[in-house]
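*Asks:*
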Amino acid sequence: MSDKFHAPIDLEPERYELSAAPIYRFDLDRREFFKFLGAGIFVVSVLKPVVAAQESGGRPRSHGESLPKEIDAWLHIGEDGKVTVYTGKVEMGQNIRTSLTQAVAEELHVPMDSIELVMGDTQLTPFDMGTFGSRTTPTMNLQLRKVAAAAREMLLDLAAAKWGVNRNGLTAANGKITDSGTKRSVDYASLTKGQQLTQTVGPDTALIPATNWRVAGESAPKVDGRDFVTGKHRYPSDQKQPDMLYGKIVRPAAFGATLLSVDTQKAEQMGATVVHDGNFVGVAAPSTEAAEAAALAIHAEWKADPQPSSKELFDYLRKNTTEGSDPTGDGDRYDVGAVDAALASADHRLQQTYTVSYIAHVPLEPRAALAKWDGDNLTVWTGTQRPFGVRGQLAEAFHMPEERVRVLMPDTGSGYGGKHTGETAIEAARLARAAKRPVKVVWTREEEFTWAYFRPAGVIDVTSGVCNDGTITAWEFHNYNSGSAGIRTYYEIPNQKIVFHETNSPLRQGSYRALAATANHFARESHMDELAHTVKMDSLEFRLKNLKDARLRAVFEAAAKQFGWGKSKAAPGQGFGMGGGYEKLGNIATFAEVNVDRKSGDVKIVRVVSAFECGAIVNPDNLRNQIEGSNVQGLGGALFEAIEFENGKILNGRLSRYRVPRFSDVPALETVLLDRKDIPSVGAGECPMIGLAPAIANAIFDAAGVRLRALPLVPNGLKAS
Amino acid sequence: MPSIHLSINGRDYAVDANPQTSLLTVLREHLDLTGSKYGCGEGQCGACTVHIDGKAQRSCITRVSTVGRKQITTIEGLAKGEQLHPVQQAFLDAGAMQCAYCTSGMIMSSVALLQQNPAPRESEIIDFMDGNICRCGTYPRIVIAIQKAAKVMKESASAKGAGR
């Protein structure tokens, strides 16, 4: 694989992951830690300085050595042998609590149930920029394996010293060190008793190779699964505190509206705590019902400017770019060869435009926060992918140092990139400060649809040149607004011009599972199909002719084999299509079978085959779960999800008006996993989604001869063309 | 505020609540039974599903005053002590969850389905469950979990029958 798109850019946050807080400079005081954790063994992991610089949102720096070392995880083994691991990552359904526990169990040779992960608590865990970008597995999984391996080595040393023997004869297994010569053994608790040992993970910590994994690499059930099937687990929206009040916000009439006047008298007479602070108007009361009633009793007048609507969205995006600043210096532009000349001399030239709509994350648990003040100290329980980022936002909002803010993230009802920001936390904290009591704010579904942010919409223009023999010679690709994730092509094309154009988005937008990779792969892989038809080549053959990358070829070939690519159609209306690519260090190929009823316009997705490769597999069952989930969620954006808006208002912001995939939408899903034990493990929550939309679009063309170039493809079925 | 009497998971409760309040709010706020979840407030997602006299109902659109003396079962009342209901166990065994926020409602709907149709065909499962949303997309695994639970429940029923 050429390094041009395997380059470290993938470790950098995307523009729409939102800006990063400054990295936390942690002064490690050994005594403080043991006071807090108790005696035992304490192992600290630090990120490599150069990676730390990238993850903080900056560019890789040449003077990396001068950066301070940054702690990203630590592990403690107590005198009772209990293992506690601290990481700033958070759990919201990706099942990293399970996969990270597996990683520690593997290296430390302890049962999974003797390990507890403390996650996403800004007071207890090391700084972490956030849980997004499929980076937990390639970064945190590796760091925790190193931490656990270093702890294992310390325990081996302790046992060797205790017995006065050479450590080479000792083995660690099942929470014990055993001397193979004398057969005597000692458990970890006996070794850690009375100790106060610290260690920093060195660069040469030996890890167990994936080929020898016993716990990692196997399917493990969800940690704490029982709490989830009994309703015992407390999500952020389930949190409570003594004397807690419930908060409601009086929302503006439209986006960007300013408050002209407000009458809060009635609400105050009802006994509610009312806050009017600038544009913020909210209430807190002893029940949700009372808070809603008080909020309704507030009369507010707002002034808003006229705003564009979804009907004119794509014209608007094209006309409202923010260019002129520095289009070449920010990595948003890629040029190679001479595109114009290659286009002019190509046997065939093809120009097409593809669009994607704004869509909503619709996490089933809406944003929620419970805030509690204790003097000048603030504690907030909230569902966020960036607890440290939210801490920074709270500190800024209340003009206080971050040290006085603690954010905790109980395992949360999903995020998909939608829970990066802290508005609910700020709302709850503002109300709690006025009420002098803890306040919980849980957004309604309508608030969630309106006052969060959306996956960016976009327009993509592709112009290409191809030879009669199927060799692509020129590729010009312009993405307006949707983003630069996955914008570069993995096909071997000598002349390329690829540009991302930032625009003034009419709606607030941000991160979303797979980000713009979905849009860019939809445009690219649809266009590839159109080119294959232009030169009358089979779609798979055409792709492979222009593709050198061995890992991508492997997933295309594996999926084609499982799918039975090349078979003839069994009935009219049946269609086959493919899409695939490379994103977040993983490789995916997706093949789809659809059935189109031309009379009714019904489009049924019958079968989807995915072949995925993400290096050495950590938990096969969870990996399948993530791939299936990506395909099911991806169906929504591919087929029918789109936010409709007009003049600063969302028109379809509730579940009865915004269709998400349901049981009856799901096709037969088949997953082929390529386990590359020779390649480091990478994430899988995002990449598997990106091949689906083009595979379906290409299959619809195969079935009905209609080329659809807009996502969602068939919000109202396939109309007769 | 009038006192409303409710029978939940075999226990009697008296709640001071406005009769118009949703059953979901009463469960979560008044009784701290937070296993039933809010997802949409309009009966579209099924995260709030409970049983009222054995039938699956959306508690977010059920006014508390309409329940009367009917028996309410929530996710908290499904297991018998430490013994999980076969549907709960099947969801664990099938790995039929990711974030699991929908899981309470999915399980309550599944149990109601199996009570009225102990051996549902796949298409019957899909029809019955179509009002429950799993945004993480674990639908195929939930179908498998329901099929597993149906099998286990059938076996345990016939074992009981044989013992008579």
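Going down the list, the sequences are from chains A and B.
Residue 449 is where the first sequence starts when you use the working numbering, and the numbers rise one by one after that.
Residue 376 is where the second sequence starts when you use the working numbering, and the numbers rise one by one after that.
Ideal placement from N, C-alpha and C gives every residue a C-beta, glycine not left out.
Here the structure is a predicted model, which is why all the values come from computation and not from measurement.
#1: Counting C-beta neighbours from all protein chains within 10 Å, is the total for D475 of chain A 16 or more, i.e. buried, or is it exposed?
#2: Roughly how far, in whole angstroms, is the beta-carbon of G488 of chain A from the beta-carbon of H524 of chain A, given that I think they are within contact range, below 8 Å?
#3: Quick check on F484 of chain A: buried or exposed, where buried means 16 or more other Cβ atoms within 10 Å of its Cβ?
#4: Taking C-beta to C-beta, are G1096 of chain A and E894 of chain A nearer than 8 Å?
#5: Give the interface partners of Y514 of chain B over in chain A, defined as CB-CB distance under 7 Å, in chain order.
#6: Using the Cα positions of I519 of chain B and G679 of chain A, report the straight-line distance between them to the nearest angstrom.
#7: What does a CB cutoff of less than 6 Å around I941 of chain A pick up in its chain, not counting 5 residues either side in sequence?
#8: From the DSSP output, in three-state form, read off V390 of chain B for me.
#9: Is the shortest distance between the beta-carbon of V853 of chain A and the beta-carbons of chain B less than 8 Å?
#10: Quick check: what's the CA-CA separation for Q717 of chain A versus S959 of chain A?
#11: Measure from the C-beta of E497 of chain B to each C-beta in chain A and report whether the shortest distance is under 8 Å.
#12: Sorted by chain position, which residues of the same chain lie with C-beta nearer than 7 Å to M340 of chain B's C-beta, five sequence neighbours on each side aside?
#13: Take every Cβ of the stretch 872-882 of chain A, pair it with every Cβ of the stretch 930-949 of chain A, and state whether three or more of those distances are shorter than 8 Å.
#14: Locate the alpha helix (DSSP H) running through L618 of chain A, then write down its first and last residues.
#15: Could you please tell me which residues of the stretch 468-487 of chain B, in chain order, have their CB closer than 7 Å to any CB of chain D?
#16: Going along chain B in order, which residues have a C-beta closer than 8 Å to the C-beta of T678 of chain A?
#17: For V810 of chain A, return the contacting residues in chain B, with the cut-off set at a CB-CB distance below 8 Å.
#18: Taking 8 Å as the CB-CB cut-off, is P669 of chain A touching chain B?
#19: So, helix, strand or coil for P1068 of chain A, using DSSP?
#20: To which residues of the same chain is V1057 of chain A closer than 6 Å at the C-beta, ignoring the five residues directly before and after it?
#21: Please tell me whether E813 of chain A and T872 of chain A are closer than 8 Å, where the distance is taken between their beta carbons.
#22: Name the two residues that bound the continuous alpha helix (DSSP H) containing L556 of chain A.
#23: Are there 16 or more other CB atoms within 10 angstroms of the CB of D1113 of chain A, so buried, or fewer, so exposed?
#24: Report the rounded CA-to-CA distance for P586 of chain A versus R999 of chain A, giving the unit in angstroms.
#25: How big is the Cα-Cα spacing for A471 of chain B and L459 of chain B?
#26: As an exercise, report each continuous beta strand (DSSP E) stretch of at least 3 residues that is fully enclosed by the stretch 593-658 of chain A, in chain order.
#27: Would L399 of chain B pass as a contact of C423 of chain B if the rule is Cβ separation under 8 Å?
#28: When the Cβ atoms of the stretch 559-575 of chain A are set against those of the stretch 598-611 of chain A, are three or more pairs found closer than 8 Å?
#29: Which one or two residues does DSSP pair with L826 of chain A in a beta bridge?
#30: Comparing alpha-carbon positions, which option in B:V390, B:S382 and B:C415 lies nearest G480 of chain B?
#31: Alpha carbon to alpha carbon, what distance is there between I500 of chain B and A1143 of chain A?
#32: What first and last residue would you give for the beta strand (DSSP E) that runs through D725 of chain A?
#33: Which same chain residues end up closer than 7 Å to T776 of chain A when comparing Cβ atoms and leaving out the 5 residues on each side of it in sequence?
#34: When DSSP builds the beta bridges, which residues end up paired with D711 of chain A?
#35: Kindly list the residues whose CB is nearer than 7 Å to the CB of V442 of chain B, restricted to its own chain and excluding five residues on each side of it in sequence; keep chain order.
#36: E1031 of chain A to Q689 of chain A, Cα distance in whole Å?
*Replies:* Well, looking at it:
#1: Annotation note: pLDDT 48 at D475 of chain A (below 50); position unreliable, no value reported.
#2: About 6 Å separates the two Cβ atoms, so the contact holds.
#3: Its Cβ having fewer than 16 others within 10 Å, F484 of chain A is exposed.
#4: Between G1096 of chain A and E894 of chain A, the C-beta gap is not smaller than 8 Å, which leaves the two residues out of contact.
#5: Result: V1080, F1111 and V1114.
#6: When rounded, the distance between both Cα atoms is 21 Å.
#7: The residues are I920 and W923.
#8: For V390 of chain B, the secondary structure class from DSSP, reduced to helix, strand or coil, is strand.
#9: It does not: the Cβ of V853 of chain A has no partner Cβ on chain B nearer than 8 Å.
#10: Approximately 42 Å between the Cα atoms of the pair.
#11: Closer than 8 Å: no.
#12: Residue coverage of chain B in this structure runs from 376 to 539, which leaves residue 340 of chain B outside it and unanswerable.
#13: No, because fewer than three Cβ pairs between the stretch 872-882 of chain A and the stretch 930-949 of chain A fall closer than 8 Å, the two stretches do not touch.
#14: Where L618 of chain A is concerned, there is no enclosing alpha helix (DSSP H), although the beta strand (DSSP E) it sits in stretches over L618 to A621.
#15: Of the protein chains in this structure, namely A and B, none is chain D.
#16: At a C-beta separation below 8 Å, T678 of chain A has these neighbours in chain B: G410, I450, E451, L453, A454, L459 and Q463.
#17: Simply R510.
#18: Under the Cβ criterion of 8 Å, P669 of chain A is counted among the residues facing chain B.
#19: Helix, per DSSP.
#20: For V1057 of chain A, where only same-chain residues beyond five positions count, the Cβ hits under 6 Å are A1007, Q1010, F1011, F1039 and E1118.
#21: Against a cut-off of 8 Å, the Cβ pair of T872 of chain A and E813 of chain A comes out as no contact.
#22: Here the alpha helix (DSSP H) through L556 of chain A covers I544 to L556.
#23: By the neighbour-count definition (other C-beta atoms within 10 Å, threshold 16), D1113 of chain A is a buried residue.
#24: Between P586 of chain A and R999 of chain A, the C-alpha separation is close to 17 Å.
#25: Roughly 15 Å between the two C-alpha positions.
#26: Whole beta strand (DSSP E) segments, 3+ residues: 618-621, 624-627, 633-635 and 644-648.
#27: The Cβ-Cβ distance between L399 of chain B and C423 of chain B falls below 8 Å.
#28: In short, these stretches do not touch, since the Cβ pair count stays below three.
#29: As a beta-bridge residue in DSSP terms, L826 of chain A pairs with A:W821 and A:V853.
#30: Checked all of B:V390, B:S382 and B:C415; the closest Cα to G480 of chain B is B:C415.
#31: Annotation: A1143 of chain A to I500 of chain B spans about 28 Å, alpha carbon to alpha carbon.
#32: Segment T721 to D725, the beta strand (DSSP E) holding D725 of chain A.
#33: Low per-residue confidence applies at T776 of chain A: pLDDT is 49, beneath 50, and the placement is therefore not dependable, though the value from the model is reported in the following sentence. Short of 7 Å from the beta carbon of T776 of chain A, and not among the five residues preceding or following it, lies no beta carbon of its own chain.
#34: BP columns for D711 of chain A point to A:H747.
#35: Here the set comprises L381, L398 and I427.
#36: Going by the C-alpha atoms only, they are around 42 Å apart.
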